[in-house]
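Encoded as structure tokens, the structure appears first; notes follow it.
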Ligand SMILES: NC(=O)c1ccc[n+]([C@@H]2O[C@H](COP(=O)([O-])OP(=O)(O)OC[C@H]3O[C@@H](n4cnc5c(N)ncnc54)[C@H](OP(=O)(O)O)[C@@H]3O)[C@@H](O)[C@H]2O)c1
Ligand SMILES: NC(=O)c1ccc[n+]([C@@H]2O[C@H](COP(=O)([O-])OP(=O)(O)OC[C@H]3O[C@@H](n4cnc5c(N)ncnc54)[C@H](OP(=O)(O)O)[C@@H]3O)[C@@H](O)[C@H]2O)c1
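Residue numbers (the working numbering), protein chains in the order written: chain C, 85 to 436; chain A, 85 to 436.
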């Protein structure tokens, strides 16, 4: 028997961290030591993992020592600073932030789609895609393998937990204030109630509202998340010239992102064949019986692992295009689960 | 001086009817008598219009007599039955239901886009488009006039009031129950709370959820509202071969529909020119300064007349395509206002 590799969970106290501790407690126990790290603010807190109490340590040079694999679940600037330190101290890093997703020397990996890419990691770092990309890529990747993808037009319905625990707290307090009012549909009502609760990290109220923005401003009116969807999809599918047009919209849902996908392929598609592919692809669940109310919604999908796909239709004016509605838990497959899958594949290397 | 024409408001007690009474009280007073009709259930109720109390009468042969213009704001089956009766009794009907929207002998009219069409009405009926079509068509029509529209890929974020007053009541009670719970993001929580409140007219919970469905099942997995968007847009823009792919999604917003629009044109587009067009088109407001939080959201738009447009971007992989986010009040321009505008144009015929 070889020794089991040691794991560090950096950012164990965050929204993604909390789900990671659940996943580590549920999955097969491939790890030796599991060390929980966060900012000095959290040092001394006690969290449960694998049924045991575990004290949170402050992230630092020392606390990164003796670790084989480090899961980084922290803001991008923290990853940018500390992931190279973890590598220098001997760990392989799996990073869930945006810090390295477009670094050509860092593979961007979705185990169901491009698992091989994780083996070549010149910087000792593997990146996990953005939660919005992850919500669609297992389904889109499977269809690409059959039909050859040429173009995507994507619109998102993103849950607030994608912005972290502060965003969840903001929507909760907005909702309780809004529910306490008469909930009139006159213009002032929602604004007023939400004004008292505060916008949290958002530029507009989210209770009883939607907001066409996610991320930070990029060039020519695009948001960073819209460009990220394009760049990441191109990298993961190895289609550097793929046409992608995305609009990211935040909705008043706590957890689970949804997307509408218009996918144009090289070859003609049929709904029957698309159903077969989606029903048999790893990490994908087909749920497509709209006449009986059979379609995925965030309330169905939250807390589950796969990408759910429904509303599969062939475009009426283009025999090569499919319309889909996809839905996935942004904290599980969208973040913690994908990183855990990558880390487990790396752990398997240790026993070879 | 010619006499002012008499108006009947059929469905005065509904969600659209309530907004119609507001609009009739705010707009220039072009009407003589205004008669309020609804089902026998509402007969005897008293509603205010133009600052006066007015008793609701039951819809019937007699109560439709002596009317010049009849605004029908009732379910499609009621319009199908009674609009021809109103015409036979001498009225011009403006119908806001789906009953006649695809009838080749009934013009489908948006005054900012195809006002001329309202003059030719072989059946004596003019139809107003679906609220989702109306939320985008003033903006898309203006861009079409300049660039020549070839294709639309559209995703909707539809408010519950688009389904009428019962839908609004359902979301309100779902929200107050959900806000009373711990609002956990565990799968059961929302479902459980909503189970008690009831789904109303919907196939899934809408509090803290989104639902990829609007309308009734049509062929090949499409919903009636998705097909309606395609058929109506083709008719209004007189582009019978326009490529349209739509996915309709309901969101937990009380009033104001939003849509993402990917519009591909014959000619190359620029954001600058698109901005100029949108800023100067009737019935359209440009609100596009995302770096300072400048984009339309339902909370900004509810209670206002125009179609608001933001997030204008040229597709990165196609110089002929624009991305837009549009937002409009489904009860105003989406229903009552558009019908009122059509009726006012017809009223003007009476004074010529
Ligand atoms: N939420 C999602 O759906 C999602 C999906 C995909 C990717 N991601 C990415 O995953 C990362 C974590 O997201 P989240 O939603 O979990 O955020 P979050 O809820 O705000 O949690 C942030 C975590 O980072 C830790 N942290 C912050 N500053 C630190 C520092 N200077 N040193 C050490 N630890 C620090 C926090 O520790 P303290 O408790 O001590 O402050 C906390 O554990 C982000 O990069 C995010 O973009 C998130
Ligand atoms: N809501 C929107 O955003 C929207 C947008 C565009 C188009 N529309 C269309 O506009 C129409 C009205 O929609 P809504 O949302 O206002 O619906 P609603 O809130 O359910 O109101 C329905 C109205 O129709 C009346 N009605 C029902 N059955 C009747 C009958 N047998 N005889 C006479 N009156 C009858 C009701 O009167 P009682 O009070 O007496 O029952 C009520 O005034 C529908 O065709 C809808 O598709 C709605």
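The beta-carbon is built from N, C-alpha and C at its ideal position, and this holds for glycine as well.
Uninterrupted alpha helix (DSSP H) stretches inside the segment 354-390 of chain C (no shorter than 4 residues): With a minimum length of 4 residues, the continuous alpha helix (DSSP H) runs that stay inside the segment 354-390 of chain C are 355-364 and 382-385.
Per-residue burial, residue 232 of chain A [other beta carbons within 10 Å of its own, 16 or more giving buried]: Exposed: under 16 other Cβ atoms inside 10 Å.
Residue 319 of chain C, enclosing alpha helix (DSSP H) - first and last residue: Looking at the DSSP string, the run of the alpha helix (DSSP H) that includes residue 319 of chain C is 308-321.
Start-end ranges of the beta strand (DSSP E) lying completely within the segment 158-230 of chain C, minimum 3 residues: Under the rule that a run must span 3 or more residues, the beta strand (DSSP E) segments found entirely inside the segment 158-230 of chain C read 176-179 and 209-211.
Check: residue 198 of chain A C-beta below 7 Å from any heavy atom of ligand 1: Checking the 7 Å criterion, the Cβ of residue 198 of chain A is out of range of every heavy atom belonging to ligand 1.
Where residue 305 of chain C falls: helix, strand or coil (DSSP): Residue state, collapsed to three classes: helix.
Stretch pair the segment 237-251 of chain C + the segment 208-220 of chain C: three plus CB contacts closer than 8 Å: Flag = yes, the segment 237-251 of chain C and the segment 208-220 of chain C touch.
Minimum Cβ-Cβ distance from residue 315 of chain A to chain C less than 8 Å: Output row for residue 315 of chain A: interface = no.
Residues that DSSP places opposite residue 118 of chain A in a beta bridge: Per DSSP, the beta-bridge partners of residue 118 of chain A are A:91.
Where residue 356 of chain A meets chain C, residues with beta-carbon distance less than 7 Å: Going along chain C, no residue has its Cβ under 7 Å from residue 356 of chain A, so there is no contact; the nearest lies around 11 Å.
Of the residues C:300, C:335 and C:429, the one placed nearest residue 376 of chain A, counting alpha carbons only: Measuring from the Cα of residue 376 of chain A, the nearest candidate turns out to be C:300.
Residue-chain proximity (residue 366 of chain A, chain C), Cβ-Cβ < 8 Å: Residue 366 of chain A does not count as touching chain C.
Endpoints, beta strand (DSSP E) assigned at residue 287 of chain C: Taken as a continuous stretch (DSSP letters only), residue 287 of chain C belongs to no beta strand (DSSP E), as it is neither H nor E.
From C:295, C:311, C:87 and C:310, residue whose alpha carbon lies closest to that of residue 341 of chain A: Of all alpha-carbon atoms in C:295, C:311, C:87 and C:310, the one lying nearest the alpha-carbon of residue 341 of chain A is that of C:295.
As assigned by DSSP and simplified to three states, the class of residue 112 of chain C: The answer is coil: DSSP assigns residue 112 of chain C none of H, G, I, E or B.
Cβ-based neighbour list, residue 161 of chain A, same chain, cut-off 8 Å, excluding 5 preceding and 5 following: Excluding residues within five positions, the ones whose Cβ falls inside 8 Å are 183.
Through-space distance from residue 155 of chain A to residue 148 of chain A, alpha-carbon basis: Our two residues, residue 148 of chain A and residue 155 of chain A, have alpha carbons roughly 11 Å apart in a direct line.
Beta-carbon proximity check, residue 103 of chain C vs residue 347 of chain C, cutoff 8 Å: Judged by beta-carbon spacing, residue 347 of chain C lies beyond the 8 Å limit of residue 103 of chain C, meaning their Cβ atoms are not closer than that value.
Within 7 Å of chain A by C-beta, residues of the segment 229-259 of chain C in sequence order: Among the residues of the segment 229-259 of chain C, those with a Cβ less than 7 Å away from any Cβ of chain A are 237, 239, 241, 245, 256 and 259, in the order of the chain.
Any 3 or more C-beta pairs closer than 8 Å across the segment 415-430 of chain A and the segment 186-201 of chain A: The count of Cβ pairs closer than 8 Å, one atom from the segment 415-430 of chain A and one from the segment 186-201 of chain A, reaches three, so the stretches are in contact.
Cα-Cα separation, residue 357 of chain C to residue 363 of chain C: If you take the alpha carbons of residue 357 of chain C and residue 363 of chain C, they lie about 10 Å apart.
Residue 331 of chain A burial status per 10 Å Cβ neighbour count (16 or more: buried): Buried, since its Cβ has 16 or more Cβ neighbours within 10 Å.
C-beta neighbour in chain C for residue 407 of chain A, strict 8 Å: Output row for residue 407 of chain A: interface = yes.
Range covered by the alpha helix (DSSP H) that runs through residue 408 of chain A: From DSSP, residue 408 of chain A is part of no alpha helix (DSSP H) but of the beta strand (DSSP E) over 405-412.
Against chain C: residues of the segment 283-305 of chain A by CB proximity under 8 Å: Residues passing the 8 Å Cβ filter: 287, 288, 289, 292, 293, 294, 295, 296, 297, 301, 304 and 305.
Under the three-state DSSP convention, the category residue 134 of chain C falls into: In the structure shown, residue 134 of chain C sits in coil (DSSP, three-state: anything other than H, G, I, E or B).
Boundaries (first-last residue) of the beta strand (DSSP E) holding residue 235 of chain C: Where residue 235 of chain C is concerned, the enclosing beta strand (DSSP E) stretches over 233-241.
Beta-bridge partners of residue 342 of chain C, as assigned by DSSP: Residue pairing by DSSP places residue 342 of chain C opposite C:241 and C:411 in a beta bridge.
For residue 147 of chain A, the three-state DSSP class (helix, strand or coil): It is helical.
Distance cut-off 7 Å: residue 111 of chain C Cβ against heavy atoms of ligand 2: Residue 111 of chain C: no, Cβ never under 7 Å from ligand 2.
Closer than 7 Å: residue 97 of chain C CB and nearest ligand 1 heavy atom: Yes.
Cut-off 6 Å between Cβ atoms - residues of its own chain near residue 435 of chain C, not counting five sequence neighbours on either side: Taking residue 435 of chain C as the centre and dropping the five residues before and after it, the same chain places the C-beta of 86 closer than 6 Å to its C-beta, in chain order.
Where residue 333 of chain A meets chain C, residues with beta-carbon distance less than 8 Å: In chain order: 241, 342, 344 and 409.
Residue 289 of chain A, buried or exposed, once every other Cβ within 10 Å from all chains shown has been counted against 16: By the 10 Å Cβ count, residue 289 of chain A comes out buried.
Selected residue, minimal CA-CA separation from residue 209 of chain A, among A:88, A:152, A:390 and A:413: Measuring C-alpha to C-alpha distances from residue 209 of chain A to each of A:88, A:152, A:390 and A:413 identifies A:152 as the nearest.
Exposure label - residue 354 of chain A; buried when at least 16 CB within 10 Å: Sixteen is the threshold: since fewer than 16 other Cβ atoms of the shown chains lie within 10 Å of the Cβ of residue 354 of chain A, the residue is exposed.
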